[in-house]
Amino acid sequence: GAVVSQHPSRVICKSGTSVKIECRSLDFQATTMFWYRQFPKKSLMLMATSNEGSKATYEQGVEKDKFLINHASLTLSTLTVTSAHPEDSSFYICSARTSGTHTEQFFGPGTRLTVL
Amino acid sequence: SQQGEEDPQALSIQEGENATMNCSYKTSINNLQWYRQNSGRGLVHLILIRSNEREKHSGRLRVTLDTSKKSSSLLITASRAADTASYFCAPRYSGAGSYQLTFGKGTKLSVIP
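Written as structure tokens, this is what we have:
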């Protein structure tokens, strides 16, 4: 299957700092990218959906000013957690797919964020 | 909610046995996808079954879909310790703008060597 990478895989930061997570589709052009958040032993929660060149669509309850998403190209999307706080500590997973009804959605390996 | 619901929540079997996980969903779908997640890792796409398909195979995996019951099942035959993971189903619902996948809590499978 296609490959989606995330960087960094793990980040530890101080409260109040901003953290940027990159998501790249390595061998295909991703018209749509998704950002999920997963708490320990819980399901994935969709945070936002972004189409290349457009503003992201955020799910209810997700602060768009806190979680800035940029999808500048067909192979790169970034999630910036601004002014991170300990409650933002989580596992963030990005996903990408091409257009079409029956295309698969490929997931990155995830980024473990720990805010001290 | 629009997510798929997996059943059972946890399953523990001996190596070599078959494992069956079920998924139920709410409304009409275009397709349904199954994923595996190893602890602390990202999701791996296993198989996609379209709404007009009833069964699909991939290696030791067999997926069935019953749209009349709005349910799907994932069967792993001759399980191995390496199959230990959480398994999620993700229905892709019909309708405009419904291209995102939503996930249930998954089935946590433990295969004992």
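Listed in order, the protein sequences are those of chains Y and P.
Each residue of the first sequence is one higher than the one before, counting from 1 in the numbering used here.
Each residue of the second sequence is one higher than the one before, counting from 117 in the numbering used here.
We put the CB at the ideal spot given by N, CA and C, even for glycine.
- Within the stretch 76-94 of chain Y, contact with chain P at the beta-carbon level (separation under 7 Å) is assigned to ILE93.
- Runs of beta strand (DSSP E) with 3 or more residues, each lying fully within the stretch 180-224 of chain P, are found at 187-192, 201-209, listed in chain order.
- Residue-level contact check: HIS161 of chain P touches chain Y, since one or more beta carbons of chain Y fall below 8 Å from its beta carbon.
- Closer than 7 Å at the C-beta level to chain P, one finds these residues of the stretch 44-78 of chain Y: LEU44, LEU46, THR49.
- Among the residues facing chain Y, GLN149 of chain P is included, as its CB has a counterpart in that chain under 8 Å away.
- Collapsing the DSSP output to three states places GLU22 of chain Y in a strand.
- About 5 Å separates the CB atoms of PHE34 of chain Y and THR49 of chain Y; that is less than 8 Å, so the two are in contact.
- In terms of CA proximity to GLN130 of chain P, P:SER195 leads the group P:CYS205, P:LEU217, P:SER195.
- The three-state reading of DSSP puts GLU87 of chain Y in helix, counting H, G and I together.
- Burial of GLU122 of chain P is indicated by the presence of at least 16 other C-beta atoms within 10 angstroms of its C-beta.
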